[in-house]
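Everything on this sheet refers to the single structure shown next.
Protein chains in written order, with my numbering: chain A, 17 to 361; chain B, 17 to 361.
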C-alpha cells in the first residue's frame with residue numbers, strides 16, 4: 017500500500033468514515049426500506065415495519081468502571097438502544113446482548129451487568145432473545161442490538177422536517193455531561209485515598225442523568241395520544257447541535273433555535289458555574305441526554321405547547337439560511353457540530 | 017461482595033454462563049417466538065418469521081491479523097452470521113456492522129475490511145443497513161448482527177430431532193481447523209525472517225476453509241427443491257460433537273454416528289498425519305466448518321441420499337442410549353463436547 021495515501025480515521029470522524037465506507041450501497045431486498053443513516057434501519061413486512069439499531073460500548077472509551085457500577089452500565093447499555101427505537105416512533109421489542117469479558121471479571125460481575133440489562137428490559141417490556149459471549153484480552157466489550165416495530169407508516173425519519181416546522185425537545189439538556197464532569201472530578205480527587213467519599217450533595221440529578229438515563233417512551237406515548245406525528249425525530253446522544261444539524265442536512269433545511277428556550281436544569285447551571293464552563297455550550301454539545309429532538313408542523317403549536325415535558329426551542333427555515341442559534345442579546349451564531357467524536361478518543 | 021463466592025467464568029464455559037445469566041427469562045412480546053438457545057432468535061410478524069443472530073469477534077481471541085488479510089476477515093465475519101440464518105432454514109436479508117478501531121488502523125484498512133463484508137453481502141444478496149463505529153483502546157472489535165426471514169412454519173429449530181431420524185452433514189469436516197494449524201505453524205516459522213514465503217502447496221483447500229468459508233445456501237435450496245424439511249438443524253461452528261450434543265439435548269434424544277461415515281477431505285487427512293494429530297478428533301471437535309448438521313425422518317432416506325454434498329452419518333436414538341460414535345472397529349465411544357470454549361482463551 018502507498019504510505020502517502022494513508023488517511024487517519026480521526027480526520028474523517030465517525031459519520032465521515034461511515035459515509036465513506038457505505039457509499040454506493042444499494043439494497044437488493046424488497047423488505048429493506050431504510051439502510052444506513054438514521055437512528056435505526058427499517059424493514060417492512062406486510063403492515064409492520066421492523067426497526068434494528070445497534071451500539072458498541074468499549075471499556076476505556078465509553079465507560080470507566082472506576083465510577084460506573086456494573087448494574088448501571090447494563091441498564092444504560094440497554095436504554096441507549098431503546099432510545100434509538102423510540103426516536104423512530106417505534107416500540108422496542110427484543111435485544112441481543114454480546115459480551116467480551118476479560119479475566120478480571122467473575123460470574124458475579126456478569127450477574128450484576130445482566131441484572132441491569134434485565135431490569136431495563138422489564139421496565140420497558142423488551143425481551144432478551146440472544147447474543148454471543150466470549151473472552152476479551154483487554155477490557156469489557158458490550159454490543160447490544162435492539163429490534164423494534166411500528167405499524168406501517170408510523171415511523172418518523174430524520175429527513176422529514178419542513179420550512180416553518182417547530183423544533184421541540186423533551187426534558188432538559190447538558191445534565192448528563194455535567195454528571196460526567198462531576199464523576200471525573202471526584203475520581204481525580206479520590207486518587208490514592210482510602211475510604212474516599214465523593215461529594216455529590218445537591219448534584220444527585222447530574223449523577224443520575226449520567227449513570228442511569230431513561231428512554232423517553234412517555235413522550236412518544238404523549239405525542240401519540242395527542243394525535244401529533246412529528247415530521248422528523250432523533251434522540252440526543254451526541255449533543256443538540258450535532259443532532260439538529262443531522263436533521264437539517266437530511267431534510268435539506270436550515271434552522272433557528274433560541275438560547276433562552278433551551279431547557280436546562282438548575283443543577284446543571286450550578287455545576288457549569290463551579291467548573292467555569294459555558295452553560296449553553298454544555299447544553300448544545302454535551303451529549304448523552306437521550307432526550308428526543310423532533311419537529312412538528314406549525315399548526316401543531318397549540319397542541320404541543322400544552323404537553324408537559326416538551327419545549328419548543330425554535331423553527332425550521334429554508335436551507336439557504338443555515339443553522340444558527342439566536343442568543344439572549346439577539347446575536348445570531350452559527351451552530352457547529354461539536355458533539356463527541358468517538359473516533360478521536 | 018463475599019470473595020469466597022466468586023466464580024471463575026471459564027469454569028462455566030460459554031453455554032453455562034449464558035444459561036446462568038438468562039435463566040428464568042420469560043418473553044412479554046407476542047411476536048417473540050424463540051429467544052436464547054438456537055442459532056438465531058425468532059419473531060413472528062403475520063405470515064413471516066424474522067430471524068436475528070449476532071457474533072462478536074475480537075482481535076487476539078478470534079483472529080490474528082498476522083496471517084488473516086482484512087478483506088478475508090470482513091468476508092468471514094459476514095459469512096458466519098449468514099450461516100446461522102441458513103441453519104434456521106431462513107434467508108439472510110440485512111446486516112449491521114459495528115466496529116471498534118484502534119489507532120494503528122487507517123481508512124484504507126477499513127476499506128479493505130468493508131470490501132470483504134460488501135463482497136459477502138453482494139454474493140449472498142444481503143443488505144448492509146447500519147452499525148456503529150467507534151475507537152478502541154486495544155485491538156479491532158467486530159460485532160455483526162444479521163436479520164433474516166422465512167415464511168411462517170418453515171423455520172427449523174435444534175429441538176425437533178426424533179428417535180430413528182437420520183443425522184446428515186454437508187461438505188466435509190476438520191479442514192478449517194487444520195488450516196488454522198497450518199497458518200499457526202507458518203507464523204511461527206516466519207518469526208524474525210524477512211521475505212518469508214509460507215508453504216501452502218497442496219494444502220490450499222485447508223487455508224481457504226479457514227480464511228474464506230462459505231455459508232451453505234446451496235444445501236438449503238437443494239433440500240427445499242427436494243421437498244425435504246429437516247426436523248432439526250444447526251451449523252457446525254464449534255465442532256460436530258458439540259453441535260450434535262446440542263441437538264440431542266434440546267430434542268431429548270440420544271444418537272449414534274459412525275466413524276467411517278464422517279466426511280473428511282484428503283488434504284485434512286494429510287495434514288493431520290503431518291502434525292501427528294488424530295484425524296477423527298479434528299473432524300469431531302475442530303470447529304469453524306460452517307457446514308450444516310441436520311436430521312431428517314427415516315422416510316426421507318432415499319431422497320436425501322441422492323443429493324450431492326450431503327452425507328448420512330448416523331441416526332437419532334432414544335435419550336437413554338446417550339450420544340456415541342461407533343468406531344471403524346465397532347467400539348462405541350461416548351461423544352464429548354470438546355468444542356472450543358471462547359471463555360477459556
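Cβ atoms here follow ideal geometry from the backbone N, Cα and C, with glycine treated the same way.
Give me the chain B residues within the contact set of residue 74 of chain A, using Cβ-Cβ distance strictly less than 9 Å, ordered along the chain.
One finds 116, 150, 151, 152, 153, 154, 157 in chain B with Cβ atoms closer than 9 Å to the Cβ of residue 74 of chain A, taken in chain order.
Environment of residue 159 of chain B [buried if 16+ CB atoms lie within 10 Å]:
So residue 159 of chain B ends up on the buried side.
Counting only the same chain and skipping the five closest in sequence on each side, list residues whose C-beta sits under 8 Å from that of residue 276 of chain B.
Around residue 276 of chain B: 344.
Proximity winner among A/173, A/183, A/170, A/122, relative to residue 256 of chain A (alpha-carbon distances):
Shortest Cα-Cα distance from residue 256 of chain A to any of A/173, A/183, A/170, A/122 involves A/183.
Is residue 304 of chain A near the ligand MG, in the sense that its beta carbon is under 7 Å from a heavy atom of that ligand?
Among the components modelled here there is no ligand, and therefore nothing to report on the ligand MG.
Looking at the C-beta of residue 25 of chain A, does it have a partner C-beta in chain B at a distance below 8 Å?
It does; some Cβ of chain B falls within 8 Å.
Whole-number beta carbon distance between residue 61 of chain B and residue 64 of chain A, since they are thought to touch under 8 Å:
With 8 Å as the limit, residue 64 of chain A and residue 61 of chain B qualify as a contact, their Cβ atoms being about 5 Å apart.
What's the C-alpha gap between residue 167 of chain B and residue 332 of chain B?
Cα to Cα, residue 167 of chain B sits roughly 27 Å from residue 332 of chain B.
Check the Cβ of residue 61 of chain A against every Cβ in chain B and list those closer than 8 Å, keeping chain order.
Going along chain B in sequence order, the residues near residue 61 of chain A (Cβ under 8 Å) are 61, 62, 64, 66, 165.
Give the interface partners of residue 144 of chain B over in chain A, defined as CB-CB distance under 8 Å, in chain order.
Among the residues of chain A, those whose CB is under 8 Å from the CB of residue 144 of chain B are 38, 41, 51, 52, following chain order.
C-alpha gap between residue 211 of chain B and residue 304 of chain B, whole angstroms:
Between residue 211 of chain B and residue 304 of chain B, the alpha-carbon positions lie close to 30 Å from each other.
With three or more beta-carbon pairs closer than 8 Å as the criterion, would you say the segment 278–297 of chain B touches the segment 170–190 of chain B?
Contact check between the segment 278–297 of chain B and the segment 170–190 of chain B: three or more CB pairs, one atom from each, fall below 8 Å, which counts as touching.
Could you check the C-alpha separation between residue 346 of chain B and residue 248 of chain B for me, to the nearest Å?
Rounded to the nearest angstrom, the two C-alpha atoms are 27 Å apart.
Let's see if you can read the secondary structure: which residues bound the alpha helix (DSSP H) around residue 320 of chain B?
That run of the alpha helix (DSSP H) goes 317–321.
Which residue marks the beginning of the alpha helix (DSSP H) containing residue 36 of chain B, and which one marks its end?
Membership of residue 36 of chain B in the alpha helix (DSSP H) is indicated by the continuous run 25–37.
Where residue 195 of chain B and residue 229 of chain B are concerned, what is the direct C-alpha to C-alpha distance, given to the nearest angstrom?
Rounded to whole angstroms, residue 195 of chain B to residue 229 of chain B spans 11 Å at the Cα level.
Give a yes or no on whether 8 Å exceeds the smallest Cβ distance from residue 20 of chain A to chain B.
Reliability of the predicted coordinates at residue 20 of chain A is poor, the pLDDT of 44 falling under 50, and no value is obtained from them.
Chain B contact residues for residue 33 of chain A, given Cβ-Cβ distances below 8 Å:
Below the 8 Å Cβ cutoff, chain B contributes 123, 126, 149 as neighbours of residue 33 of chain A, in chain order.
Could you tell me how far apart the beta carbons of residue 251 of chain A and residue 103 of chain A are, in whole angstroms, since I believe they sit closer than 8 Å?
Correct: roughly 4 Å between the Cβ atoms.
Distance between residue 124 of chain B and residue 19 of chain A (C-alpha atoms, nearest Å)
Reliability of the predicted coordinates at residue 19 of chain A is poor, the pLDDT of 44 falling under 50, and the value obtained from them is presented with this limitation in mind. Computed Cα separation, rounded: 10 Å.
Identify the continuous beta strand (DSSP E) that holds residue 69 of chain A and give its terminal residues.
DSSP places residue 69 of chain A inside the beta strand (DSSP E), whose first and last residues are 64–74.
If I'm right that residue 186 of chain B touches residue 237 of chain B with Cβ under 8 Å, what's the distance once you round it to whole angstroms?
Beta-carbon to beta-carbon, residue 186 of chain B and residue 237 of chain B are separated by about 12 Å, too far to satisfy the 8 Å threshold.
Give a yes or no on whether the C-beta atoms belonging to residue 133 of chain B and residue 90 of chain B are separated by under 8 Å.
A contact, by the Cβ cut-off of 8 Å.
If I follow the unbroken beta strand (DSSP E) through residue 57 of chain A, where does it start and stop?
In this chain, the beta strand (DSSP E) harbouring residue 57 of chain A covers 57–61.
So the candidates are A/328, A/98, A/115, A/87; which of them puts its Cα closest to the Cα of residue 131 of chain A?
When C-alpha distances from residue 131 of chain A are compared across A/328, A/98, A/115, A/87, the shortest belongs to A/87.
Closest to residue 353 of chain A by CA distance: which of A/32, A/42, A/241, A/24 is it?
When only C-alpha atoms are compared, the closest one is A/32.
Taking the alpha carbon of residue 263 of chain A as the point to measure from, which residue in A/227, A/172, A/201, A/149 has its own alpha carbon closest?
The closest CA to that of residue 263 of chain A, considering only A/227, A/172, A/201, A/149, is found on A/172.
Touching or not, the segment 201–210 of chain A and the segment 325–339 of chain A, by the rule of three or more beta carbon pairs under 8 Å?
Short answer: they don't touch.
Three-state secondary structure (DSSP) at residue 280 of chain A?
Residue state, collapsed to three classes: coil.
Can you check DSSP and say which residues form a bridge with residue 50 of chain B?
The secondary-structure analysis by DSSP pairs residue 50 of chain B across a beta bridge with B/58.
Going by the beta-carbon positions, is the gap between residue 164 of chain A and residue 67 of chain A smaller than 8 Å?
Closer than 8 Å, so yes.
Helix, strand or coil at residue 332 of chain A according to DSSP, with G and I counted as helix:
Looking at residue 332 of chain A - three-state DSSP - the assignment turns out to be strand.
Secondary structure of residue 312 of chain A, DSSP reduced to three states
Judged by DSSP in its simplified three-state form, residue 312 of chain A adopts strand.
Under 8 Å between C-beta atoms, does residue 276 of chain B make it to chain A?
Residue 276 of chain B has a beta carbon lying at 8 Å or more from every beta carbon in chain A.
Can you give me the C-alpha to C-alpha distance between residue 4 of chain A and residue 97 of chain A, rounded to a whole angstrom?
With chain A represented from 17 up to 361, any question about residue 4 of chain A goes unanswered, as that position is not in the structure.
Between residue 74 of chain A and residue 312 of chain B, which are expected to be in contact by the criterion C-beta below 8 Å, what is the C-beta distance as a whole number of angstroms?
So it is not a contact: roughly 44 Å between Cβ atoms.
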